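This report refers to the structure that appears directly beneath it.
Protein chains: 2
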Amino acid sequence: MSDDFARRLARHAHTVEACLTDALANNDARVPSRLAEAMRHGVLAGGKRLRPFLVIETAGLYGVPPETAAYSAAALECVHCYSLVHDDLPAMDNDLVRRGRPTVWAAYDEWTAILAGDALLTLAFEILSRPEAAEDAERRVRLVAALARASGAAGMVGGQALDLAADKLGDPSQPDEAHVRRLQAMKTGALIAHGVEAGAILGAASNVEAAALADYGQALGLAFQIADDLLDAEGDATVVGKATAKDAAAGKATLVSLRGVEAARAELAQTVQRAVVALDGFGARADALRAAARFVAERQS
Amino acid sequence: MSDDFARRLARHAHTVEACLTDALANNDARVPSRLAEAMRHGVLAGGKRLRPFLVIETAGLYGVPPETAAYSAAALECVHCYSLVHDDLPAMDNDLVRRGRPTVWAAYDEWTAILAGDALLTLAFEILSRPEAAEDAERRVRLVAALARASGAAGMVGGQALDLAADKLGDPSQPDEAHVRRLQAMKTGALIAHGVEAGAILGAASNVEAAALADYGQALGLAFQIADDLLDAEGDATVVGKATAKDAAAGKATLVSLRGVEAARAELAQTVQRAVVALDGFGARADALRAAARFVAERQS
Chain A
5 MSDDFARRLA
15 RHAHTVEACL
25 TDALANNDAR
35 VPSRLAEAMR
45 HGVLAGGKRL
55 RPFLVIETAG
65 LYGVPPETAA
75 YSAAALECVH
85 CYSLVHDDLP
95 AMDNDLVRRG
105 RPTVWAAYDE
115 WTAILAGDAL
125 LTLAFEILSR
135 PEAAEDAERR
145 VRLVAALARA
155 SGAAGMVGGQ
165 ALDLAADKLG
175 DPSQPDEAHV
185 RRLQAMKTGA
195 LIAHGVEAGA
205 ILGAASNVEA
215 AALADYGQAL
225 GLAFQIADDL
235 LDAEGDATVV
245 GKATAKDAAA
255 GKATLVSLRG
265 VEAARAELAQ
275 TVQRAVVALD
285 GFGARADALR
295 AAARFVAERQ
305 S
Chain B
5 MSDDFARRLA
15 RHAHTVEACL
25 TDALANNDAR
35 VPSRLAEAMR
45 HGVLAGGKRL
55 RPFLVIETAG
65 LYGVPPETAA
75 YSAAALECVH
85 CYSLVHDDLP
95 AMDNDLVRRG
105 RPTVWAAYDE
115 WTAILAGDAL
125 LTLAFEILSR
135 PEAAEDAERR
145 VRLVAALARA
155 SGAAGMVGGQ
165 ALDLAADKLG
175 DPSQPDEAHV
185 RRLQAMKTGA
195 LIAHGVEAGA
205 ILGAASNVEA
215 AALADYGQAL
225 GLAFQIADDL
235 LDAEGDATVV
245 GKATAKDAAA
255 GKATLVSLRG
265 VEAARAELAQ
275 TVQRAVVALD
285 GFGARADALR
295 AAARFVAERQ
305 S
């Protein structure tokens, strides 16, 4: 990770965390304090804030100030975090620890975690509806539509459902590669791609530019997932920060298990290249987004 | 219930169910079929569709066609139904039956019910973002903001959290009347009031009219809850369609348990009167909304 990229990543994380802290400050006396605390526990727990970075950098290609893009970035991060809060539940992945801290249900209880997740998802759309979130109402509505599509039944939630069906329903047929790709594109790819999409909406990108950015976002999502699978297969648990070799232990089909480590590494390199090339039309202004593609592939955690 | 009111209620229910059926038709091949079925199970299970009725009738005061108001009505019903799907979960109210059918988690399983609820909440905002949902983007954004506030941590979800805290955390102090009123206004009142609010937004009501309609919506929500508590205390389970005397058995504080049946009946009558009077400025056009206030108070199920 280059020093410049690391600095930008940290700076944008700081910007979006200020926006999230403000949105979660619970200035409304009606919000029960236990619920508000659980929501903060689920969101303000660190993390790289990669998705917000993508919103802020893509919008920045069009001169949109980080302080404006921070709202769309915060909304996306709320959705990402709610998905983790629900994913960790006993009925789903049954995880006790995330980023070295108790998961929300472990720290509170199941019903608090279910409601905190629900409230975070709702908050995401409330944030997008604020006048500060975008220049005009038309753009705010487009952000709502895009986030809802990326996170709903045809996006992230649908991907979770496919993942859990494979895990819980004990389908004896080993899923094929096309199924794994579809699942991953929905479960992980959709929200990463939305980061770039939201930036393009904020910047009122032309159709041609929006298509190039969508190609970048899609490639980035795929690269992220292949890197994740490789980390699980090969990573050192003390560096990765969570248990590794979980996929193999669970008999879970990934691109790594289906195609082998070498083929996955090759596809990862090609996918990063595809992401970088998709940005050709943007010149040096898009260097931070190019660096993000390399970072996603090379990260150790 | 007058024949005219019954006919209008049935007609609007039909209109919103057509919109919901369409939104849940799963024309997108990416949506997993199990998830799509569970979503339909949670939404297309009958019911009076009172909240959609309020949207359509309030918007109708301003000449907004039912087919347009149906989108905001469908979005609100998605939120209402998702809240029931999550509320029925084992970690929440642990209910196996709703309206004589298995609850979503009982018919499928917990993870499917959690994800189906998440997807329905997300779908609500997707529906509001559609061009058909309102005349202009400004109104669509206001609908998003209002629905998010009514259903989030300071609204419905917050009310659920207060309710479950009393139930699960075994707070030894008996909640006082102010707490019960706050809880009920959030848990039940907020979404009922939003039905009226959404209609006012669609109709571009003046501030004065919007305030009168908000007063009506608030009174209606309160009347609904008092009637519900009275039904639980006095109703016949075979007519009500669910177990009665649950509140007393659970030691749950309600306005009926805190103030007695007679005082609750008197407050219900006054509240219906307040709702009816709030509509004075609208003349005969608001007769169906006045009938709704009486219906809410007099219903036997």
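Residue numbers (the numbering used here), protein chains in the order written: chain A, 5 to 305; chain B, 5 to 305. Every residue, glycine too, gets a C-beta built ideally from N, C-alpha and C. Because the structure is a prediction, the values reported are computed rather than measured.
Between the CA atoms of residue j and residue i - distance to the nearest angstrom
i	j	result
residue 127 of chain B	residue 266 of chain B	42 angstroms
residue 65 of chain A	residue 284 of chain B	54 angstroms
residue 76 of chain A	residue 131 of chain A	8 angstroms
residue 83 of chain A	residue 125 of chain A	5 angstroms
residue 199 of chain B	residue 273 of chain B	22 angstroms
residue 286 of chain A	residue 239 of chain A	34 angstroms
residue 180 of chain B	residue 187 of chain B	11 angstroms
residue 106 of chain A	residue 276 of chain A	34 angstroms
residue 304 of chain A	residue 294 of chain A	18 angstroms
residue 205 of chain A	residue 145 of chain B	15 angstroms
residue 163 of chain A	residue 117 of chain B	15 angstroms
residue 166 of chain A	residue 231 of chain A	20 angstroms
residue 18 of chain B	residue 44 of chain A	41 angstroms
residue 135 of chain B	residue 291 of chain B	30 angstroms
residue 95 of chain B	residue 79 of chain A	27 angstroms
residue 113 of chain B	residue 69 of chain A	45 angstroms
residue 47 of chain A	residue 103 of chain A	12 angstroms
residue 39 of chain A	residue 158 of chain B	10 angstroms
residue 9 of chain A	residue 302 of chain A	13 angstroms
residue 34 of chain A	residue 5 of chain A	44 angstroms
residue 254 of chain A	residue 154 of chain B	41 angstroms
residue 31 of chain B	residue 93 of chain A	30 angstroms
residue 7 of chain B	residue 288 of chain B	17 angstroms
For residue i, the three-state DSSP class (helix, strand or coil)
i	result
residue 12 of chain B	helix
residue 94 of chain A	coil
residue 134 of chain B	coil
residue 289 of chain A	helix
residue 102 of chain A	strand
residue 19 of chain B	helix
residue 159 of chain A	coil
residue 264 of chain B	coil
residue 321 of chain B	Because chain B in this structure spans residues 5 to 305, residue 321 of chain B falls outside the shown range and cannot be described.
residue 258 of chain B	coil
residue 185 of chain A	helix
residue 275 of chain B	helix
residue 294 of chain A	helix
residue 116 of chain A	helix
residue 303 of chain B	coil
residue 151 of chain B	helix
residue 126 of chain B	helix
residue 166 of chain A	helix
residue 284 of chain A	helix
residue 174 of chain B	coil
residue 180 of chain B	coil
Heavy atom of the ligand GTP within 7 angstroms of residue i beta-carbon
i	result
residue 127 of chain A	In the structure on display, the ligand GTP does not appear, and there are no ligands present to speak of.
Neighbourhood of residue i by C-beta, 7 angstroms cutoff - its chain only, sequence neighbours within 5 removed
i	result
residue 250 of chain A	236
residue 279 of chain A	220, 223, 224, 227 and 297
residue 101 of chain B	107
residue 85 of chain B	46, 47 and 124
residue 214 of chain B	204
Nearest-angstrom Cβ-Cβ length linking residue i and residue j, presumed shorter than 8 angstroms
i	j	result
residue 160 of chain B	residue 194 of chain B	5 angstroms
residue 36 of chain A	residue 29 of chain B	Actually they are not in contact, since the Cβ atoms of residue 36 of chain A and residue 29 of chain B sit about 37 angstroms apart, beyond 8 angstroms.
residue 150 of chain A	residue 202 of chain A	6 angstroms
residue 81 of chain A	residue 20 of chain A	6 angstroms
residue 62 of chain A	residue 173 of chain A	Contact flag wrong, Cβ pair sits at about 38 angstroms.
residue 184 of chain A	residue 257 of chain A	5 angstroms
residue 24 of chain B	residue 52 of chain B	Wrong, their Cβ atoms sit about 14 angstroms apart, outside the cutoff.
residue 129 of chain B	residue 129 of chain A	5 angstroms
residue 60 of chain A	residue 74 of chain A	7 angstroms
Residues near residue i by beta carbon distance below 6 angstroms, same chain, minus five either side
i	result
residue 90 of chain A	121
residue 190 of chain A	159, 162 and 163
residue 115 of chain B	none
Residues near residue i by beta carbon distance below 8 angstroms, same chain, minus five either side
i	result
residue 196 of chain B	54, 55, 58, 221, 224, 225 and 228
residue 133 of chain A	144 and 148
residue 260 of chain A	230, 233, 234, 236, 237, 251 and 268
residue 152 of chain A	129
Legend entry - Within the segment 23-91 of chain B, ranges of the alpha helix (DSSP H) (whole runs, at least 4 residues): 37-47, 54-64 and 70-91
Inset, instruction - Within the segment 188-252 of chain A, note down every full alpha helix (DSSP H) run reaching 4 residues or more, in order along the chain. - result: 194-206, 211-238 and 241-244
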